[in-house]
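Asks: Input: one structure, supplied below.
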Amino acid sequence: MASLRISWTLAKAKKLFTDVQLIKTCVIDIVEEVLSHDEKTKKTVVDLLKQVPLSDTTAVRRVEVLAEDCLRALLSHLKKADFMSLVIDTSCDRTDIEQLSVFVRFFNEKAFREELLCLLPLHGCTTGSNAPQCRLEQFFRDAVKEGCQEDKESPEKI
9 MASLRISWTL AKAKKLFTDV QLIKTCVIDI VEEVLSHDEK TKKTVVDLLK
59 QVPLSDTTAV RRVEVLAEDC LRALLSHLKK ADFMSLVIDT SCDRTDIEQL
109 SVFVRFFNEK AFREELLCLL PLHGCTTGSN APQCRLEQFF RDAVKEGCQE
159 DKESPEKI
């Protein structure tokens, strides 16, 4: 749980996942300083902190888990929504790869929400092609299939 929270904090701050080891070292240093008067407690806490699984690959896996959970929650809200609208746009990223961004607007029983549904890279030439449509259709097929597996429903019910 601690590694999930640290990964979440790094992702929100848009920091490198390689910083997790630095964070772990800093936390241990803080504990050693704050608990310098109580050697037994300090040793116990430092030993516990050293057991927290933190590495850049662990942080990446944790953020992937969080992202999947966010998408599942969003799809769950969308299934309950009576109406929704999609805002679709393309733009180039800093490496000149065309990106298809899809935002969804819906009412979730309390307020209107606007969420980023997906950001899909469109490799190759997209001028005059149906690549954006194909990528978007594939995203929705995958999302519906995943939603059906979660809820044990057939795709027709969604």
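So the sequence shown is numbered by my numbering: it starts at 9 and just counts up by one. All C-beta atoms in this analysis are idealised placements derived from N, C-alpha and C, irrespective of residue type, glycine included.
Might you give, ordered along the chain, the residues of its own chain that have their beta carbon closer than 6 Å to the beta carbon of R13, omitting 5 neighbours on each side?
Replies: Here the set comprises nothing.
Asks: Taking the Cβ atom as the reference point for each residue, do L124 and T98 lie within a distance shorter than 8 Å?
Replies: Result no, Cβ atoms of L124 and T98 do not sit closer than 8 Å.
Asks: Grab me the residues of E145's own chain with a C-beta within less than 6 Å of its C-beta, minus the 5 sequence neighbours each way, in chain order.
Replies: Nothing meets the Cβ criterion.
Asks: Return helix, strand or coil for V39, following the three-state DSSP convention.
Replies: If DSSP states are grouped into helix, strand and coil, V39 belongs with the helices.
Asks: Output yes or no for whether 8 Å exceeds the beta carbon distance between F115 and E122.
Replies: No, the Cβ-Cβ distance between F115 and E122 is not below 8 Å.
Asks: Runs of 3 residues minimum, wholly inside the stretch 61-110: which ones carry the beta strand (DSSP E) assignment?
Replies: Counting whole runs of 3 or more residues, the stretch 61-110 contains the beta strand (DSSP E) stretches 92-100.
Asks: Which one of T66, T103, D55, S84 has the shortest CA to CA distance from Q29?
Replies: Closest option to Q29, Cα to Cα, is T66.
Asks: Would V60 and K32 qualify as a contact pair, given that the criterion is a beta-carbon distance under 8 Å?
Replies: Taking 8 Å as the Cβ cut-off, V60 and K32 qualify as a contacting pair.
Asks: What three-state label does DSSP hand K20 in the structure shown?
Replies: Helix at K20.
Asks: Residue range of the beta strand (DSSP E) that R47 falls in?
Replies: Per the sequence shown, residue 47 should be read as Glu rather than Arg. Careful: E47 lies outside any beta strand (DSSP E), inside the alpha helix (DSSP H) at 47-59.
Asks: Considering only C-alpha positions, which residue in the set D46, T26, S15, F120 is nearest to L86?
Replies: With distances taken between Cα atoms, L86 lies closest to F120.
Asks: Note down, in chain order, each residue of its chain lying with its Cβ closer than 8 Å to the Cβ of L74, except the 5 sequence neighbours on either side.
Replies: For L74, where only same-chain residues beyond five positions count, the Cβ hits under 8 Å are L12, S15, W16, A19.
Asks: Note down, in chain order, each residue of its chain lying with its Cβ closer than 7 Å to the Cβ of V54, except the 5 sequence neighbours on either side.
Replies: Only I36, V39, E40 meet the Cβ criterion.
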